[in-house]
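Per UniProt numbering, the sequence shown runs over residues 1 to 408.
Worksheet: the structure to be examined is printed underneath.
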Amino acid sequence: MTAYLFENARIVDGTSPEAGEPASVLIEGNIIREVGPSVRSESAERIDLAGRTLMPGLIDAHVHVIAGMANLGQNAKLPDPVVTVRAFKIMGEMLMRGFTTVRDLGGATSGLAAAAAEAPWPTPRLNICGKALSQSGGHTDYRGPYDDTPAPKTGHTLGNLGRICDGVPEVRKAAREELKSGAHFIKVMANGGIASPTDPIHFLGFSREELMAAVEEAENAGTYVAAHLYTDKAIRRAIECGIHSLEHCNLIAPETAKLAVESGCIAVPTLVTYEKLSVEGPALGLPPASIAKVDSVRLAGMESLAIMREAGLSMAFGTDLLGEMHRHQSEEFVIRSRVLPTHEVIAAATFVAAKLLRMEGQIGCVAPGAFADLIVVDGDPLKDISLLTRQGAHLPMIMKDGVFIKRG
Ligand SMILES: [Zn+2]
Numbered sequence: 001m002t003a004y005l006f007e008n009a010r011i012v013d014g015t016s017p018e019a020g021e022p023a024s025v026l027i028e029g030n031i032i033r034e035v036g037p038s039v040r041s042e043s044a045e046r047i048d049l050a051g052r053t054l055m056p057g058l059i060d061a062h063v064h065v066i067a068g069m070a071n072l073g074q075n076a077k078l079p080d081p082v083v084t085v086r087a088f089k090i091m092g093e094m095l096m097r098g099f100t101t102v103r104d105l106g107g108a109t110s111g112l113a114a115a116a117a118e119a120p121w122p123t124p125r126l127n128i129c130g131k132a133l134s135q136s137g138g139h140t141d142y143r144g145p146y147d148d149t150p151a152p153k154t155g156h157t158l159g160n161l162g163r164i165c166d167g168v169p170e171v172r173k174a175a176r177e178e179l180k181s182g183a184h185f186i187k188v189m190a191n192g193g194i195a196s197p198t199d200p201i202h203f204l205g206f207s208r209e210e211l212m213a214a215v216e217e218a219e220n221a222g223t224y225v226a227a228h229l230y231t232d233k234a235i236r237r238a239i240e241c242g243i244h245s246l247e248h249c250n251l252i253a254p255e256t257a258k259l260a261v262e263s264g265c266i267a268v269p270t271l272v273t274y275e276k277l278s279v280e281g282p283a284l285g286l287p288p289a290s291i292a293k294v295d296s297v298r299l300a301g302m303e304s305l306a307i308m309r310e311a312g313l314s315m316a317f318g319t320d321l322l323g324e325m326h327r328h329q330s331e332e333f334v335i336r337s338r339v340l341p342t343h344e345v346i347a348a349a350t351f352v353a354a355k356l357l358r359m360e361g362q363i364g365c366v367a368p369g370a371f372a373d374l375i376v377v378d379g380d381p382l383k384d385i386s387l388l389t390r391q392g393a394h395l396p397m398i399m400k401d402g403v404f405i406k407r408g
């Protein structure tokens with residue numbers, strides 16, 4: 001079994017505003033075996049990390065790895081092999097930015113995950129919802145106002161983020177089919193969205209009965225529902241229907257944030273995507289109707305961070321980038337640190353995200369028994385969070401599952 005002993009490792013995992021005292025970390029196979037000041041090993045290869053920081057591999061809790069194009073309607077029409085190749089490139093680049101786990105919020109299938117497991121190219125751990133559920137005219141209905149062709153009932157192509165279902169029986173069936181296909185959780189589009197043509201931001205997606213049906217199906221399978229949400233009204237309704245993972249939340253009000261805390265919810269802001277959509281969206285083929293929607297949520301986004309922190313609502317790290325904009329993934333750290341303490345920003349991509357993925361103790365921590373998903377940072381990201389940006393330039397080592405992906 002391959003073993004490594006990291007020595008003089010100052011650990012930064014988001015639990016404290018200061019880096020830990022120098023410690024040794026023993027890796028055996030794909031598992032972290034021991035962590036402490038006096039860990040020894042006869043056989044392990046010793047790696048000195050003096051002057052560097054050891055972190056758990058990062059977790060992005062809101063991505064779309066199949067979104068090679070920003071125009072999601074066009075992306076849905078691409079042949080599956082093209083989408084697959086682009087998804088591998090997107091996932092590989094995420095890993096090289098230090099993201100050893102990503103949670104996909106619509107599009108990635110268990111088939112793609114199976115291909116990733118066999119592929120000769122390394123990819124992050126993939127946690128998926130399969131196809132997101134949307135009502136007719138909702139956030140994954142790309143048909144437009146004059147297109148009356150029947151809605152595709154299943155996400156018939158890999159490049160499609162979602163599938164259309166209307167009414168409680170169809171929602172239950174769609175949720176059951178996604179769970180049968182290997183979804184780790186269910187995603188519902190419960191509010192209007194930017195990248196779709198006929199649903200203004202204020203639209204509520206699905207009836208309460210449909211949302212509660214999705215929640216019951218997910219809970220029957222031992223899991224939870226994540227919902228796409230912007231407006232305060234939509235967020236409150238989702239919480240009341242039992243939805244656990246609150247995506248985006250740009251327009252959340254303080255009272256609703258408190259209700260979310262009482263209900264044990266976790267929010268997943270995705271601020272970088274609005275900043276980049278407003279600048280790069282037009283050139284990347286995002287339709288004008290979508291561009292016009294961006295500012296309505298972009299400006300409120302920063303305020304939402306302060307509101308959620310004040311309420312004590314846990315926030316996981318998310319980015320939601322599409323197409324060419326994926327390269328900005330790590331800038332979410334910098335954007336959040338304008339409002340939040342740096343260690344809390346890091347926590348969002350470590351133990352908070354691990355809790356959301358129901359993988360506490362397995363990922364997002366440097367602790368005995370966890371997967372050996374680790375990154376080494378040149379310097380201290382608590383003092384300069386931008387060390388996590390620039391496509392991994394300040395990450396001399398990236399390890400996933402005990403294997404070095406990068407070793408500089
Ligand atoms: Zn999304």
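We treat Cβ as the ideally placed atom computed from N, Cα and C, and that holds for glycine.
Quick caveat: nothing in here was measured; it's all calculated off a predicted structure.
Query                                                                                                                     : Result
Contact test: L388 Cβ vs ligand 1 heavy atom, cutoff 7 Å                                                                  : no
Beta-carbon spacing of L204, R172 below 8 Å                                                                               : no
Touching by the beta-carbon criterion (3+ pairs, under 8 Å), the stretch 341 to 359 and the stretch 279 to 294            : no
I164 versus G20 - alpha carbon distance                                                                                   : 49 Å
Ligand 1 heavy atom lying under 7 Å from the CB of H64                                                                    : yes
Own chain, CB closer than 7 Å to A353, minus 5 neighbours either side, in chain order                                     : I59, A61, A316, F317 and G364
Contiguous alpha helix (DSSP H) assignments of at least 4 residues, all confined to the stretch 213 to 260                : 232 to 240
Heavy atom of ligand 2 within 7 Å of L126 beta-carbon                                                                     : The model on display carries ligand 1 but not ligand 2.
E177, DSSP secondary structure in three states                                                                            : helix
D295, DSSP secondary structure in three states                                                                            : helix
Inter-residue CB distance, L322 and A67 (contact presumed, cutoff 8 Å)                                                    : 4 Å
Nearest residue (CA-CA) to A132, options D147, H184 and R97                                                               : H184
Option in A119, T198, T100 and G312 with minimal Cα separation from D147                                                  : T198
Whole-angstrom distance between L126 and A116, CA atom to CA atom                                                         : 9 Å
Near ligand 1: L284 beta-carbon under 7 Å from a heavy atom                                                               : no
Any C-beta of chain B under 8 Å from that of A311                                                                         : Of the chains in the structure shown, none is chain B; there is only one protein chain.
Test item: CB-CB of G242 and V215 under 8 Å                                                                               : yes
With 16 other Cβ atoms within 10 Å as the buried cut-off, status of R97                                                   : buried
Contact test: D60 Cβ vs ligand 1 heavy atom, cutoff 7 Å                                                                   : no
Chain-order list of residues whose beta-carbon lies under 8 Å from that of S38 (same chain, five-residue window excluded) : S24
Residue from H156, S278 and P150 with nearest C-alpha to D166                                                             : P150
Ranges of the alpha helix (DSSP H) found wholly within the stretch 107 to 137, counting only runs of at least 4           : 110 to 118
Test item: CB-CB of G159 and L78 under 8 Å                                                                                : yes
Three-state secondary structure assigned by DSSP to D147                                                                  : coil
Coil, strand or helix - Y142 by DSSP                                                                                      : coil
Alpha-carbon spacing of V297 relative to T270, whole angstroms                                                            : 11 Å
Proximal residues to A311 (C-beta, below 8 Å), its chain only, five neighbours per side dropped                           : P254, A257, K258, A260 and V261
Nearest-angstrom beta carbon gap, M55 and V377 [assumed within contact, 8 Å]                                              : 6 Å
Nearest neighbour of N30, chosen from M1, P22, I47 and F88 [CA to CA]                                                     : M1
Any non-hydrogen atom of ligand 1 within 7 Å of L72 CB                                                                    : no
Inter-stretch contact at 8 Å, needing at least 3 Cβ pairs: the stretch 214 to 228 / the stretch 244 to 253                : yes
Beta-carbon proximity of L388 to P381, cut-off 8 Å                                                                        : yes
CA nearest to the CA of H326, picked from V65, A9 and R52                                                                 : V65
Burial state of residue 422 (16 or more Cβ within 10 Å)                                                                   : Lying outside 1 to 408, the shown extent of the chain, residue 422 is not represented and no answer is given.
Reduced DSSP category for H62 - H, G, I as helix; E, B as strand; rest coil                                               : strand
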